[in-house]
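First comes the structure, then the notes that go with it.
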Amino acid sequence: MEKTEKILVKGTEAIAEAAIRAGCRLYFGYPITPQSELTEYMARRLPEVNGTFLQAESEVAVVNMIYGAASTGKRVMTSTSSPGFSLMQEGISYIAGAELPCVFVNVVRGGPGLGDIQPAQSDYFQATKGGGHGDYKLVVLSPESLQEAVELTSHAFDVADKYRIPVLILTDGLLGQMMEPVSFPDFRNLDDLNDHSSWALIGTNNERAPHRVSSFDLDPVNLEKMNLNRHQKYKKITESEKLYEEYKLNDAEIVIVAYGTMGRIVKSVADKAREKGVKAGVFRPISLWPFPYEELEKWSKTAKLFFAVEMSSGQMIEDVKLSINGKRPVEFYGRMGGIVPTPGEILAKLMELI
Amino acid sequence: MSTYTERFKTPVSLSEKEFTYCPGCHHGIAHRLIAEVIDELNIQGKTIMVAPVGCSVFAYDFFDVDGTVAAHGRAPAVATGIKRARPQNIVFTYQGDGDLAAIGTAEIIHAANRGEKITTIFINNAIYGMTGGQMAPTTLLGMKTTTTPYGRDETKDGYPIRVSEVLKELRGVAFLARTKVTTPQDVLKTKKYIKKAFQAQINNIGFGLVEILSTCPTNWGLTPIESMKWLEENMVKEYPLGVFIDKVG
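Protein chains in written order, with the numbering used here: chain A, 179 to 532; chain B, 65 to 313.
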């Protein structure tokens, strides 16, 4: 990976360019703030690399176009923001059921309903607990910086291809709209990407039995078998695909837990707390599913208190509590409606807790 | 030496699986015609089917081609995704009237309007089949269904949607016809239309759709013979037959 040259780019455009370099040549989308620049970037950029861009009539159509394109085995993606992601849930359930590899980006904004267009983290439940019907999982990755967003985008396509699973990059309007210097990886050679010819819909060429891509079986015994197989895969992903960052945790008495944009902000909170003599550190889950439960639980042996900080009313905190399982108190601070809390206000809350 | 010529054999594009449709249902005839067309156009190896939700959800098991099943109404979007990813393939959707004219209205109109190079076979039997005989957008005025037990009333339920008449205004459509399969002549004509709808895709002209008026003896509460008669006497009046658009030539 060539990392010498850094380019100043916007978050949404960084993800778009990273996707193209990762081998994505098909994008189906529908404009919605605060991620429309990603759609626009793809409209401009994909024709330059012989790719296909299509603006659909709705997010409902988008997710089904993704289903169709992904069923041919090619690298395909879309991006949207909260209300649009809600509209895609039906199709995501089908895609998860049919075990199709593809990448979604949700640039989360304030909700519920129309809400506002400011950054929020209030789609955590929908992203990690299954917004659509049925028992299924998406791999959910949340970057804290644009460089990490670029790297996770490449990773997302590889994980999707490796396990035949939809992968979601969960970010927010702050990261989507900010600019940072980023170094991009080289273009992937399309010929080196995963070979999906054993199941993909590419035509039988009169040489083999037809392929069936589907999420259904009307026989409950067969369907349970399909579901159990899928959950075996989820177990394998849980064992091998957890991502997280630990920051100044070795001597920490307080573990601040936060992801994405908040995960970045709370590092300076930990630094400031240490200046005041409070030993604080940060645990930042990068994969929100699979959530690094055991890795976080480990710190309950040395830390006294866990402190979840989110731009929501408290959603990830449920996973933090599951990790700690009553061994230590878990406190919470959050802002809603698209308000990004400042390090100062988080620090003030932290000092109240000790 | 044989003294007769074999004229009636199973199309190669049909699988060996027996149809699971009710006696007198027209899905079987429609399936066979599609398979014959695929054989004659020599496109079996590159055809990809998008099956619907409803009675014909298993359609992809009856055709010997690659296939998937779309969520209710979404087949044109799924087909769009497949075709954009693999323009070299032939992609067709098979949809009922609940699927295409109710929950999937947006998808069919926009796929047609984009001139998506796909083919849609639209089975209009004026009722919801698999869910057990409820009102469809195409249910006739006065027609009794489980959700219009007193007959469809336009003041409450609105009017039957004439899908082909709606679609004919869209400039992306390359072939569009409404037909039926109640007589041998109709069957031959329908096959010709289906072939043209595929030809519109093969020739890269645009979107093709064939609307086939069909029976549902089980949910209509009629025998297969009575159903054919009812279709002729009632449905054809509401849904005039003919070719609406033909850019194939």
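Cβ atoms here follow ideal geometry from the backbone N, Cα and C, with glycine treated the same way.
Exercise for the section: Could you tell me which residues DSSP puts in a beta bridge with LYS188 (chain A)? Expected result: Position 10 of the first sequence, counted from the start, is the residue given in the question as residue 188 (chain A). Checking the DSSP bridge columns, you'll see LYS188 (chain A) partnered with A:MET357.
Next on the checklist: Under 8 angstroms, Cβ to Cβ, is there at least one residue of chain B near ALA194 (chain A)?
Outcome noted: Looking up residue 194 (chain A) in the first sequence gives position 16. The Cβ of ALA194 (chain A) sits no closer than 8 angstroms to any Cβ of chain B.
**Pairwise C-alpha distance: GLY92 (chain B) and GLY285 (chain B)** = Residue mapping note: residue 285 (chain B) aligns to position 221 of the second sequence, counting from 1. Residue mapping note: residue 92 (chain B) aligns to position 28 of the second sequence, counting from 1. Within the model, the alpha-carbon separation for GLY285 (chain B) versus GLY92 (chain B) is close to 19 angstroms.
ALA141 (chain B) to ARG342 (chain A), Cα distance in whole Å? Residue mapping note: residue 141 (chain B) aligns to position 77 of the second sequence, counting from 1. Residue mapping note: residue 342 (chain A) aligns to position 164 of the first sequence, counting from 1. Going from the Cα of ALA141 (chain B) to the Cα of ARG342 (chain A) covers about 21 angstroms.
* Asked: How is the alpha helix (DSSP H) around LYS411 (chain A) delimited, first residue to last?
  -> By 1-based counting over the first sequence, the position of residue 411 (chain A) is 233. From DSSP, the alpha helix (DSSP H) with LYS411 (chain A) extends over 398-418.
Discussion item. Taking the straight line between their C-alpha atoms, what separation do you get for SER77 (chain B) and PHE126 (chain B)?
Written reply: Position 13 of the second sequence, counted from the first residue, corresponds to residue 77 (chain B). Position 62 of the second sequence, counted from the first residue, corresponds to residue 126 (chain B). Spanning the two alpha carbons is a distance of roughly 9 angstroms.
For VAL312 (chain B) versus ILE276 (chain B), is the C-beta distance shorter than 8 angstroms?
The residue given as residue 312 (chain B) occupies position 248 in the second sequence. The residue given as residue 276 (chain B) occupies position 212 in the second sequence. No, the Cβ-Cβ distance between VAL312 (chain B) and ILE276 (chain B) is not below 8 angstroms.
*N- and C-terminal bounds of the alpha helix (DSSP H) containing PRO470 (chain A)*: Stepping through the first sequence from its first residue, residue 470 (chain A) is reached at position 292. Looking at the DSSP string, PRO470 (chain A) is not in any alpha helix (DSSP H), and its letter there is neither H nor E.
>> What are the residues in the region 375-395 of chain A lying within 7 angstroms of chain B by C-beta distance?
In response: Of all residues in the region 375-395 of chain A, LEU379, ILE380, GLY381, THR382, ASN383, ASN384, PRO388, HIS389, ARG390, VAL391, SER392 and PHE394 have a Cβ within less than 7 angstroms of some Cβ in chain B.
- Is it true that the region 456-465 of chain A meets the region 505-520 of chain A, where meeting means three or more beta-carbon pairs spaced less than 8 angstroms apart? Verdict: no, contact absent.
Contact defined as beta carbons within less than 8 angstroms: I believe PRO363 (chain A) pairs with SER323 (chain A). What is the distance between those atoms, to the nearest angstrom?
In the first sequence, residue 363 (chain A) corresponds to position 185, counting from 1. In the first sequence, residue 323 (chain A) corresponds to position 145, counting from 1. In fact, because the Cβ distance is near 15 angstroms, the residues do not count as touching under 8 angstroms.
query: Among A:TYR208, A:GLY251, A:GLU453 and A:MET494, which has the Cα closest to the Cα of GLY201 (chain A)?
result: Your numbering for residue 201 (chain A) matches position 23 in the first sequence. When only C-alpha atoms are compared, the closest one is A:GLY251.
Rounded straight-line distance, which links the Cα of THR306 (chain A) to that of GLY476 (chain A)
Start at 1 with the first residue of the first sequence, and residue 476 (chain A) comes out as number 298. Start at 1 with the first residue of the first sequence, and residue 306 (chain A) comes out as number 128. Reading off the sequence, residue 476 (chain A) comes out as Lys, not Gly. Straight through space, the alpha carbons of THR306 (chain A) and LYS476 (chain A) are spaced by roughly 22 angstroms.
Over the uninterrupted beta strand (DSSP E) stretch that includes LYS244 (chain B), give me the two end residues.
-> Taking the second sequence and counting its residues from 1, one reaches residue 244 (chain B) at position 180. Where LYS244 (chain B) is concerned, the enclosing beta strand (DSSP E) stretches over 237-244.
Self-check item: Burial state of LEU309 (chain A) (16 or more Cβ within 10 Å)
Solution: What you label residue 309 (chain A) is simply residue 131 of the first sequence in a count that begins at 1. Here the sequence assigns Gly to residue 309 (chain A), which means Leu is not the residue at that position. Using a 10 angstroms sphere on the CB of GLY309 (chain A), the tally of other CB atoms reaches 16 or more, which defines it as buried.
Practice item. State buried or exposed for GLN213 (chain A), treating a residue as buried only when at least 16 other CB atoms are found within 10 Å of its CB. Key: Reading the first sequence from its first residue, position 35 is the one you call residue 213 (chain A). With 16 or more other CB atoms across the displayed protein chains lying within 10 angstroms of its CB, GLN213 (chain A) is buried.
For ASP161 (chain B), three-class secondary structure by DSSP = Taking the first residue of the second sequence as position 1, residue 161 (chain B) is located at position 97. Correct three-state label for ASP161 (chain B): helix.
Item to complete: Determine the chain A residues that contact ARG150 (chain B) at a beta-carbon separation under 7 angstroms, and present them in chain order.
Response: Within the second sequence, numbered from 1, the residue matching residue 150 (chain B) stands at position 86. Those are THR250 and ILE380, listed as they occur along chain A.
Below-8 angstroms beta-carbon distance, GLY312 (chain A) vs any chain B residue
Looking up residue 312 (chain A) in the first sequence gives position 134. Interface annotation, GLY312 (chain A): not in contact with chain B, CB-CB separation never under 8 angstroms.
Quick one: is GLU329 (chain A) buried, meaning 16 or more other Cβ sit within 10 Å of its Cβ, or exposed? Here residue 329 (chain A) refers to the residue found at position 151 when the first sequence is read from its first residue. With 16 or more other Cβ atoms within 10 Å, it is buried.
Fill in: Proximity to ALA221 (chain A) [Cα-Cα], best of A:VAL238, A:ILE198, A:LYS340 and A:MET243
Position 43 of the first sequence, counting from 1, holds the residue named residue 221 (chain A). Across the set A:VAL238, A:ILE198, A:LYS340 and A:MET243, the C-alpha of A:ILE198 shows the shortest separation from the C-alpha of ALA221 (chain A).
message: DSSP three-state label for MET194 (chain B), please.
response: Taking the first residue of the second sequence as position 1, residue 194 (chain B) is located at position 130. Looking at MET194 (chain B) - three-state DSSP - the assignment turns out to be coil, as it is neither helix nor strand.
In or out: ARG216 (chain B) buried (at least 16 other Cβ within 10 Å) or exposed? Within the second sequence, the letter at position 152 stands for residue 216 (chain B). By the Cβ-count criterion, ARG216 (chain B) is buried, with 16 or more other Cβ atoms from all chains shown falling within 10 Å of its own Cβ.
Does any CB atom of chain A fall closer than 8 angstroms to the CB of ASN153 (chain B)?
-> Numbered from its first residue, the second sequence carries residue 153 (chain B) at position 89. Residue-level contact check: ASN153 (chain B) touches chain A, since one or more beta carbons of chain A fall below 8 angstroms from its beta carbon.
**OP:** Within its chain, find whatever has a CB closer than 6 angstroms to the CB of PRO519 (chain A); leave out the 5 residues flanking it on each side and keep chain order.
**Re:** Along the first sequence, one-based indexing puts residue 519 (chain A) at 341. Counting only Cβ-Cβ distances below 6 angstroms, and skipping sequence neighbours, we find ARG513.
**Buried or exposed (CB count within 10 angstroms, at least 16 for buried), ASP301 (chain A)** = The residue labelled residue 301 (chain A) in the question sits at position 123 within the first sequence. Note on ASP301 (chain A): 16 or more other CB atoms within 10 angstroms of its CB, so buried under the neighbour-count rule.
Can you list the residues of chain A that THR195 (chain B) reaches, using a CB-CB cut of under 8 angstroms?
-> Here residue 195 (chain B) is taken as the residue at index 131 of the second sequence, counted from 1. Against chain A, the beta carbon of THR195 (chain B) has no neighbour under 8 angstroms; the closest one sits roughly 14 angstroms away.
Practice problem: Compile a chain-ordered list of the residues in the region 219-236 of chain A whose CB is closer than 8 angstroms to at least one CB of chain B. | Solution: Those would be THR230, LEU232, ALA234, GLU235 and SER236, in chain order.
- Task: Check whether the Cβ atoms of ARG138 (chain B) and ASN242 (chain A) lie closer than 8 angstroms to each other.
- Result: Translated into positions along the second sequence, residue 138 (chain B) becomes position 74. Translated into positions along the first sequence, residue 242 (chain A) becomes position 64. In contact: ARG138 (chain B) and ASN242 (chain A) (Cβ atoms closer than 8 angstroms).
Okay, do the region 257-269 of chain B and the region 289-296 of chain B touch, 3+ Cβ pairs below 8 angstroms being the bar? They do not touch, by the three-pair rule.
Taking only runs that begin and end inside the region 134-158 of chain B, name each unbroken alpha helix (DSSP H) of 4 or more residues, in chain order. Listed in chain order, the complete alpha helix (DSSP H) runs (minimum 4 residues) inside the region 134-158 of chain B are 139-149.
Item checked: Contacts around GLN493 (chain A), its chain only, beta-carbon distance under 8 angstroms, and the 5 residues preceding and following it disregarded -> As a first step, residue 493 (chain A) must be located in the first sequence, where it is residue number 315. So the qualifying residues of the chain are GLN299, SER300, TYR302 and PHE303.
Residue span of the alpha helix (DSSP H) that contains MET292 (chain B), given as start and end:
Start at 1 with the first residue of the second sequence, and residue 292 (chain B) comes out as number 228. Where MET292 (chain B) is concerned, the enclosing alpha helix (DSSP H) stretches over 288-294.
- prompt: Can the beta-carbon of VAL318 (chain A) be found closer than 8 angstroms to that of LEU466 (chain A)?
  reply: As a first step, residue 318 (chain A) must be located in the first sequence, where it is residue number 140. As a first step, residue 466 (chain A) must be located in the first sequence, where it is residue number 288. Cβ distance < 8 angstroms, so VAL318 (chain A) and LEU466 (chain A) count as in contact.
- request: With a cut-off of 8 angstroms on the beta carbons, I'd call PRO288 (chain B) and GLY145 (chain B) a contact; round off their distance for me.
  value: Here the question's residue 288 (chain B) lines up with position 224 in the second sequence. Here the question's residue 145 (chain B) lines up with position 81 in the second sequence. 38 angstroms between Cβ atoms; not a contact.
**Prompt:** At what residues does the beta strand (DSSP E) containing ASP310 (chain B) begin and finish?
**Reply:** As a position in the second sequence, residue 310 (chain B) is number 246, starting the count at 1. Per DSSP, ASP310 (chain B) belongs to the beta strand (DSSP E) from 306-310.
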